[in-house]
Amino acid sequence: MTDFTGRWKLLGAVSHDPDVAYESEDEIRMDAVIGGTRLDLELLLRKWLAGETFDAEPPLEPAAGLTLDIGDDDTFTESGTAEVEWFCEEGVLEAKALPFDGRIVTTPAGSHLLLHDPVTEPASAAGYRYGDVRLRLDDGDTQIADTVVRAGDRLRRTVSVVTDEMYLSRVRYEYGRA
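Take the sequence shown: its position 120, counted from the start at 1, is 119 in numbering that gives the first Met the number 0, and no numbers get skipped.
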């Protein structure tokens, strides 16, 4: 049994596409400036998928209708529907939740929600360069990390997305015990 075991109901959600400026002094290295911080683009992508924030997080908007059940064996099942932005199993951004099932894998980088049958490019370079972060999806164009942490009596789920190795999106969900 883990801290995640049990039934959780969605309480709120928020989407965030940060402003990122890209700069290059030569054709080899690309830097990104986000939230006043300048980083090598590759480092930014690693940190983003690991769930790091670089500016103030926007406040949650109330949301309801989705249930997340997590078993003792760290498998999970989602049910219901909610009018929240959602990256589906194929990595497409949808206007409402499309529940899926999977398992939670915990590494030194955190606890990651994965599909039972992951969508990954064979021998993807991205799969190796993100270290302990386990990606829910890596189809060659889009990488999605779906992480959960306990925040007091709440469960915080952060879906961090990188598209075309350059564009960042994030959706944060908060759940309470059902």
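In this text, a Cβ means the ideal position worked out from N, Cα and C, and glycines have one as well.
Cα-Cα separation between residue i and residue j, rounded to whole angstroms
i, j, result
"L92", "S14", "11 Å"
"G70", "G5", "6 Å"
"L67", "R169", "19 Å"
"L10", "T80", "13 Å"
"G90", "V19", "21 Å"
"D140", "T162", "6 Å"
"F99", "D25", "43 Å"
"E88", "H115", "11 Å"
"D39", "M29", "6 Å"
Among the options, nearest to residue i - alpha-carbon criterion
i, options, result
"D16", "F75, T1, R171 and G175", "R171"
"Y174", "L59, R37 and D54", "L59"
"W85", "T52, A62, I33 and D39", "A62"
"R37", "F53, L97 and I27", "F53"
"I210", "G35, E41 and G34", "The question about residue 210 has no answer here: the residues shown for the chain are numbered 0 through 177."
"G64", "L43, D138, L97 and R156", "L97"
Unbroken beta strand (DSSP E) run spanning residue i, endpoints
i, result
"R149", "T141 to A150"
"E77", "T74 to G79"
"E22", "V19 to E22"
"D100", "D100 to T106"
Distance between beta carbons of residue j and residue i, contact taken as under 8 Å
i, j, result
"L134", "F3", "Actually they are not in contact, since the Cβ atoms of L134 and F3 sit about 19 Å apart, beyond 8 Å."
"A177", "W7", "6 Å"
"E82", "K95", "5 Å"
Limits of the alpha helix (DSSP H) - the one that residue i falls within
i, result
"K46", "L40 to L48"
The region 131 to 151 in contact with the region 102 to 114 per 3-pair CB rule at 8 Å: yes
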